Every structure is written in C-alpha cells, then in structure tokens.
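Sequence order for the protein chains is G and B. With my numbering, letter number 127 in the first sequence gets 130, and the count goes up by one each step, no holes. With my numbering, letter number 123 in the second sequence gets 124, and the count goes up by one each step, no holes. Virtual Cβ for every residue (Gly too), placed ideally from N, Cα, C. Values in this document were obtained by computation on a predicted structure and should not be read as measured data. What follows is a short report on a single structure.
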Amino acid sequence: MKHYWNVYKKFVSTSVSVETSFRTSFILLVLMDIFFFASTVGSVSFIYDHVATIGPWGKNQLLFFITFMLMIDNLHMMIFSQSFWEFSFSIRTGQLDYTLLKPLHTIFSVFFRHFRASSVVNTPLFLGSLIYNGMKINLSFLDWCLMPVFLILGLVLLVIIEFILSTSMFWMTDGTGINFLRMQMQQLARWPEFVYRGVIRKVLMTVLPVLLIGSGPVHFLLGGKWNNLALMGGMIVVLGFVLSFVWGVGLRRYDSASS
Amino acid sequence: MTNISKWWITIKISWVKHTAYRLNFFLQIIGPSLVFFFVKYNLWSSIYAGEEDLIIKGFDFQAMIQYHLWAFVVSLVAQGHGSWNLAEDIRLGRISSYLIYPFNFWEFHTASWLSFQVIQMGIAGLTLCILGFFGLVTLPSTHLFLFGIGYTLFISLFWFTMQYLTGVLAFWLEETWILRVMLSIVSYFLSGAIIPLDLYPKWMVTFLNYTPFPYLTYYPVKLFLGEAIDLTQGVSIILFWTLFFALINHLVWKRGIKLYTAAGM
Chain G
4 MKHYWNVYKK FVSTSVSVET SFRTSFILLV LMDIFFFAST VGSVSFIYDH VATIGPWGKN
64 QLLFFITFML MIDNLHMMIF SQSFWEFSFS IRTGQLDYTL LKPLHTIFSV FFRHFRASSV
124 VNTPLFLGSL IYNGMKINLS FLDWCLMPVF LILGLVLLVI IEFILSTSMF WMTDGTGINF
184 LRMQMQQLAR WPEFVYRGVI RKVLMTVLPV LLIGSGPVHF LLGGKWNNLA LMGGMIVVLG
244 FVLSFVWGVG LRRYDSASS
Chain B
2 MTNISKWWIT IKISWVKHTA YRLNFFLQII GPSLVFFFVK YNLWSSIYAG EEDLIIKGFD
62 FQAMIQYHLW AFVVSLVAQG HGSWNLAEDI RLGRISSYLI YPFNFWEFHT ASWLSFQVIQ
122 MGIAGLTLCI LGFFGLVTLP STHLFLFGIG YTLFISLFWF TMQYLTGVLA FWLEETWILR
182 VMLSIVSYFL SGAIIPLDLY PKWMVTFLNY TPFPYLTYYP VKLFLGEAID LTQGVSIILF
242 WTLFFALINH LVWKRGIKLY TAAGM
C-alpha cells in the first residue's frame, strides 16, 4: 500500500505541474465546473418556483440530493475523469504498452494516472453547498459522520461501472464514443430513482445500477431506508468481481497498435 | 478543378469520415440528445404525476412533452456540430497542408460542416417521421414547418460560427474542448433546452432576449408548436451574432496564423 501511495503522490504532483503550466486552460476548467454547478442548481430551483414537490421530495430534499451528486462529480472529475479520455487515446495509439509495463496493478496505472487540480479549487463550492443543503434538512450528527463514507461509496460504485464500460474500448478502434456513453450514464444518475419508472428503473437499479449511486445513500440519510444502501453495497462487491474478470479478458484482447 | 467541385469533393470526403465509425457517431452526436430527452421526459412525467390536471405556466403534460420533443429535433439539426477536428488540426500542425492547398482552411471546415448537416437533417427527418407516426408530435402548418426548418438551419450556421471560434482559439489554448463544453452548458441552460424559458424569472428572460441563447432552442420550438413569435427579431439577432462571430473568426485566424509554428514539421 505504501508503494502505491508513493506512486500516487508522484502522479498527483506531475499532473498538477502539467495542468498549472497551462494557466488559461486551468482557469477555464474552474469556470466550466462553476457553470455546470450553477446551471444544475438553477434548473432545479426554477422548477420548484412552480411546483411544490417532485415525487415525494420538496425543494430542500432534492437540492440536497443534487448537491450530493455534484460532490461525487467533483471528486470524480478530480481523480478519474481525465484518465478515461487518455485511456481511449492510448489504446488507439498503442501508448498503453508503456502503462502496462509498469510494476503496478494495471487498473491503478491506467485510471489513477491523471489528477485534475482545477477541481480542487471548486471543492469548497461543492462541499459548502452540500453542507448548506444538509443543514436545511436537519441531518443528525450520525448522518454527518456517515456522509463522507457514503460519498466514497457512491464514487466507488460509479467508477466501477465506468471501468467495466471502458473495458469495451479494447474491442474498438476508437473508444471515444464510450466516453460519451459514460457521460450519459452520469446524466441518468443525477436524478433520484423515483423519477424513472417501470422496467427502466429496475434496469438502472440492478443491471446498470447508476441510480443507486445517489439514491442509496440519500434515502438512508433522509428517512433511514437502508434497502437501497444494502443493494448498493452488494452491487459494489459483485461488480468488483465482474470488473476483475472483464478487465483480464480485455487485456488479453489488447494487441497494441504500436507493435 | 473549379471551386465548386473542390467543395463537392470535400463534402463527400467528410461524409465518409463522419460515417466511418457509426457507433461513435451515434454515441457522440445522437446519444447525448437522446439521453437528455429521456431524462427530461422522466422528470416531467414525475412532476405531472404528482398532481392531477397540473398546468405550469400554460404547459400541461402533453404540451411539455411536445416542447421537449421539438427541442430534441432542433438540437439534432442546430446544435449537433462540434469543431473537434478544427482545433486538432491547429494543435497538431496539420493546417500546414491547408496553407499550400488551393482550398482555404475555412472552406474545408465549412464544407465538412455542410456534410455533417446533411446527415443530421436525415436523422432529424427520420426522428420526426417516427414521432409523427406514433402521434407524439403534432406537425404545424406547412408554411410554419418550412419556416421552422429554415430558421433552425440558420441557427445551425450561427452555432457553426461559434464552434469555429472555439476551434481557432487553439492557436493560443492547449485545450479547446473546455470552451466547447462551457458553450454547451451555458447554451443548454439559457436557451430553454432544459426547461422552457416561461418558467424562468421575468427579469432573466428580458435580459436573455438580447443574447442569442433563447433563439437557439426556445423560439424555434415555439415556431414548430405553431405559436406566434416575432421571427424578425429572432432572425435579426441571430444574423447580428453570426456576422459578429464570423468577423471575430476572421480576425482571430489572421492573428493566430502569425503565431503558428507548424508543430511536427
């Protein structure tokens, strides 16, 4: 573990050096996240100017859910986002060879390589908003203690699903489209599960369990419902095994574009 | 070779390029609009299911879904294009070829955009046929429909000039995708693509009417819905902004080409 931690610190420091050397891009990335935050929260607020509830939730509950998901987005952007785009590029160009040669677990060296420092600048905004909305719904002391654990669990489930999806890039000439699919999946997850109905909801809760990322923890925090949270825990374990299997198959399929 | 044949050949080559990776094209261009509509459909279904006979600013459930279906069609035609290749051409030094070819850089990319528009028109047409067949959208009168198509194509030209600007900024910026994403976020939010502008605060709509954003989605959708809108104002404002961005693009190109170092040469 110590070895991995030392390597990760190097990954972070080189990423920060690279990103801060392009200052305009760095500032634009910060602004992009702020625009995204404002448009998401603004849209929900405007809807609630005209309706009292969406499903069983009022404005405060839904805004808490939205800011919970935005906080996961912020962590995702910071730690993983860029690596997915680099992954499709490195498969296409054969640069993945050099990543695979490193004496590290391949999932670690592929998906933890790029850290986005600009997202750290926005973390106070996302975290502050989550805390503000959490206070409005009167979370208990225990809920506040559990919140970081739930954020990490949500992030873990999201990235495991995305890792599995990204494995399909081994079978494609250009995996860019998969990254767009991944982003659409995130868009689906940004709304609570009761927004969707019937078969679609069942599929998005089990086969492709993106709705559990937010709905599992937030339903527990709002009303003590633990069934979705338990399902989320189970899914993380099951999908973890699926990932380790499909990743191995994908690696065997990889034939290196540069060789 | 005449200039027209150069345009025609470029359009054909771009067509082949766009359709070479069909899954990518679907996931990159059509998928986002489709998922965006799917989320909105579910969200509004959930809102309207909460209260019987709910009407929000004149929209009942059917009217709201019609609005978003037309917004989906408009986004396919008007806002599908992205200047991905343009920025890459500059950053990787590929524009060196254009500097010696007897076909300008802007001509090449405009021809490429035209071929993209033909594909998008086909997809939008097919979508409309399917929606119309199942009775999900009501088509307006023929002349309004034709006005709507013409207006939407005009918006797509404006969208192209904005995208072109984000692309040519690659002379200065390492990453231009950030600008494209910012443009998408802002225009989705301010154009009425997420929720109709009728639901926005009045002061905000008054301000937005002086910007090009409402004319990207809200007004064309209203036109397709057969509602009375001031088309002259919409066309004038979009025309002004299109010419403005075309001029800026020209100036940016002139300044940028002086900085160009032909990476990799």
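Cβ of residue i within 7 Å of any chain B Cβ
i	result
glycine 180 of chain G	yes
threonine 56 of chain G	yes
valine 213 of chain G	no
histidine 53 of chain G	yes
leucine 264 of chain G	This structure gives no information on residue 264 of chain G, because the portion of chain G shown stretches from 4 to 262.
phenylalanine 38 of chain G	yes
serine 314 of chain G	For chain G, the structure presents residues 4 to 262; residue 314 of chain G sits outside this window and is missing.
phenylalanine 49 of chain G	yes
methionine 35 of chain G	yes
valine 221 of chain G	no
tyrosine 199 of chain G	yes
serine 46 of chain G	yes
Closer than 7 Å to chain G by CB, residue i
i	result
asparagine 210 of chain B	no
glycine 32 of chain B	yes
serine 97 of chain B	no
tyrosine 94 of chain B	The question names tyrosine, but residue 94 of chain B in the sequence shown is glycine. Output row for glycine 94 of chain B: interface = no.
tyrosine 49 of chain B	no
leucine 281 of chain B	Residue 281 of chain B lies beyond the range of chain B shown here (2 to 266); nothing can be said about it.
isoleucine 56 of chain B	no
isoleucine 196 of chain B	yes
valine 1 of chain B	Because chain B here runs from 2 to 266, residue 1 of chain B falls outside it and cannot be looked at.
asparagine 25 of chain B	yes
tyrosine 42 of chain B	no
leucine 224 of chain B	no
leucine 200 of chain B	yes
Outcome for residue i when other beta-carbon atoms lying within 10 angstroms are tallied against a minimum of 16
i	result
isoleucine 216 of chain G	buried
phenylalanine 114 of chain G	buried
tryptophan 173 of chain B	exposed
leucine 104 of chain G	exposed
phenylalanine 244 of chain G	exposed
histidine 79 of chain G	buried
lysine 223 of chain B	buried
histidine 72 of chain B	Correcting the residue identity first, residue 72 of chain B is alanine in this sequence and not histidine. Buried is the call here.
arginine 23 of chain B	exposed
proline 197 of chain B	buried
histidine 82 of chain B	buried
lysine 13 of chain B	exposed
serine 188 of chain B	buried
glutamine 164 of chain B	buried
glutamine 234 of chain B	exposed
alanine 192 of chain G	buried
methionine 205 of chain B	exposed
glutamate 196 of chain G	buried
proline 127 of chain G	exposed
Integer-rounded CB distance, given that residue j should sit under 8 Å from residue i
i	j	result
threonine 212 of chain B	glycine 193 of chain B	Not confirmed; about 12 Å, so no contact.
leucine 225 of chain G	glutamine 64 of chain G	6 Å
histidine 117 of chain G	serine 86 of chain G	5 Å
isoleucine 155 of chain G	valine 213 of chain G	Contact doesn't hold; Cβ gap of about 17 Å is too wide.
threonine 11 of chain B	serine 113 of chain B	7 Å
methionine 238 of chain G	leucine 160 of chain G	6 Å
valine 54 of chain G	isoleucine 57 of chain B	7 Å
First through last residue of the alpha helix (DSSP H) which encompasses residue i
i	result
serine 259 of chain G	That residue, serine 259 of chain G, is in no alpha helix (DSSP H); it is neither H nor E in DSSP.
histidine 82 of chain B	Note, histidine 82 of chain B: premise wrong, no alpha helix (DSSP H); not H, not E.
methionine 81 of chain G	Note, methionine 81 of chain G: premise wrong, no alpha helix (DSSP H); not H, not E.
valine 33 of chain G	26-51
alanine 55 of chain G	It is not in any alpha helix (DSSP H) - alanine 55 of chain G carries neither H nor E in the DSSP assignment.
threonine 109 of chain G	109-114
phenylalanine 214 of chain B	Per DSSP, phenylalanine 214 of chain B belongs to no alpha helix (DSSP H) and is neither H nor E.
asparagine 136 of chain G	120-139
isoleucine 156 of chain B	143-169
valine 119 of chain B	106-134
serine 237 of chain B	232-260
histidine 222 of chain G	215-226
phenylalanine 166 of chain G	144-170
* **Residues of the region 167-191 of chain B with Cβ closer than 8 Å to any Cβ of chain G, in chain order** => From the region 167-191 of chain B, only Trp173, Leu174, Glu175, Glu176, Ile179, Leu180, Val182, Met183, Ile186, Val187, Tyr189 and Phe190 have a Cβ closer than 8 Å to chain G.
* **Chain-ordered residues of the region 162-194 of chain G with a beta carbon less than 9 Å from chain B** => Answer set for the region 162-194 of chain G: Met175, Thr176, Asp177, Gly178, Thr179, Gly180, Ile181, Asn182, Phe183, Leu184, Met186, Gln187, Met188, Gln190, Leu191, Arg193 and Trp194.
* Closer than 8 Å, Cβ to any Cβ of chain B: which residues of the region 78-101 of chain G, in chain order? -> Result list empty, no residue passes.
* **Cβ-based contacts, 8 Å cut-off: residues of the region 11-28 of chain G near chain B** => Here the close residues are Phe25, Thr27 and Ser28.
* Near-chain G residues of the region 245-261 of chain B - C-beta to any C-beta below 9 Å -> Answer set for the region 245-261 of chain B: empty.
* Where the region 11-23 of chain B meets chain G: residues whose CB sits under 7 Å from a CB there -> Along the region 11-23 of chain B, going in chain order, the ones with a CB nearer than 7 Å to a CB of chain G are Tyr22.
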